[in-house]
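A quick write-up on the structure given underneath.
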Amino acid sequence: PEKVFAAIATLKESGILRGDVFCEWGSGFGIATCMASLIGFKAYGIEIEDGLAKLSTQLARDLSIPAEYLCTSYLPEGYEECEGIGGKDLLPPQATTSGGAIIDTTPLYDGLDPGEVDLFFVYPWPGQEEFMMDLFDEIASEDAILLIYQADGETTVHRQSFNDEN
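With my numbering applied, the sequence shown covers 11 to 176.
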């Protein structure tokens with residue numbers, strides 16, 4: 011936890027973040043979400059397991075830490091994952107119907123717009139790092155940051171940037 015705390019605090023103090031909204035994907039017990047809140051973020055944890063989401067909420071409440079936990083998947087509605095070569099692949103939703111009508115595929119979590127998140131954090135399962143970066147590239151807004159805690163104890167940081175040529 012101390013390396014995660016140090017990385018989050020360093021990013022907060024560096025001035026490179028555009029705001030103070032934090033989102034932990036797969037928050038488990040919610041430790042990183044609570045730490046982010048203590049550092050000064052409006053902190054959200056996303057956890058699909060109902061029991062863990064309830065436990066995290068209770069832990070934060072017991073410690074008087076303002077953090078919000080959403081019991082949902084970190085894959086917004088319409089997004090899917092499938093087994094690919096070397097790991098999981100992200101399947102974004104279709105942007106048009108079979109008749110060619112445009113569908114709004116703006117990703118949303120219940121109560122949280124990923125486009126408003128300034129710092130995403132994830133401690134992915136081994137081999138899932140690239141998948142999480144693909145998800146970040148797909149749903150994060152420009153200048154958002156993804157902090158990944160690696161299994162070897164290292165952290166990596168990625169910034170979302172859009173190329174005008176796209």
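Just so you know, even glycine gets a beta-carbon here, dropped at the ideal spot from N, CA and C.
Suppose the cutoff is 6 Å on Cβ atoms and the five residues either side in sequence are ignored; what does the same chain contact list for residue i look like?
i: residue 14; result: 42 and 159
i: residue 5; result: Residue 5 falls outside the range modelled here, since the chain spans only 11 to 176, and no answer is possible.
i: residue 31; result: 52, 126, 127 and 128
For my contact list, residue i and residue j are in at a C-beta cut-off of 8 Å; report their separation, rounded to the angstrom.
i: residue 36; j: residue 132; result: 6 Å
i: residue 77; j: residue 44; result: 5 Å
i: residue 150; j: residue 124; result: 6 Å
i: residue 122; j: residue 85; result: Contact flag wrong, Cβ pair sits at about 14 Å.
Starting from the C-beta of residue i, find all residues in its chain whose C-beta is less than 7 Å away, skip the five residues before and the five after it, and write them out in chain order.
i: residue 166; result: 158 and 160
i: residue 27; result: 21, 128, 129 and 155
i: residue 82; result: 56, 58, 119 and 120
i: residue 64; result: none
i: residue 75; result: 44, 47 and 48
Among the candidates the options, whose CA atom is the shortest distance from the CA of residue i?
i: residue 49; options: 168, 164 and 17; result: 17
i: residue 147; options: 52, 137, 39 and 172; result: 172
i: residue 29; options: 40, 67 and 46; result: 46
i: residue 40; options: 24, 52, 51 and 70; result: 70
i: residue 12; options: 123, 164 and 141; result: 164
The ligand SAM and residue i: does the residue's C-beta get closer than 8 Å to at least one heavy atom of that ligand?
i: residue 147; result: Among the components of this structure there are no ligands whatsoever, and the ligand SAM is therefore not found.
Three-state secondary structure (DSSP) at residue i?
i: residue 165; result: strand
i: residue 32; result: strand
i: residue 55; result: strand
i: residue 175; result: Low confidence applies to residue 175: its pLDDT is 49, below 50, so where it sits in the model is not reliable, and the reading given next is rough at best. Here residue 175 sits in coil by DSSP.
i: residue 78; result: strand
i: residue 122; result: strand
i: residue 130; result: strand
i: residue 69; result: helix
i: residue 155; result: strand
i: residue 39; result: coil
Can you list, in chain order, the residues of its chain whose CB lies under 8 Å from that of residue i, leaving out five sequence neighbours each side?
i: residue 175; result: Here residue 175 scores only 49 on pLDDT, less than 50, and its place in the model should not be relied on; the value that follows carries that caveat. Counting only Cβ-Cβ distances below 8 Å, and skipping sequence neighbours, we find nothing.
i: residue 170; result: 146, 147, 150, 151, 152, 153, 154, 155 and 156
Inset, instruction - Say whether the region 137–156 touches the region 51–65, bearing in mind that this needs 3 or more beta-carbon pairs closer than 8 Å, one atom from each stretch. - result: no
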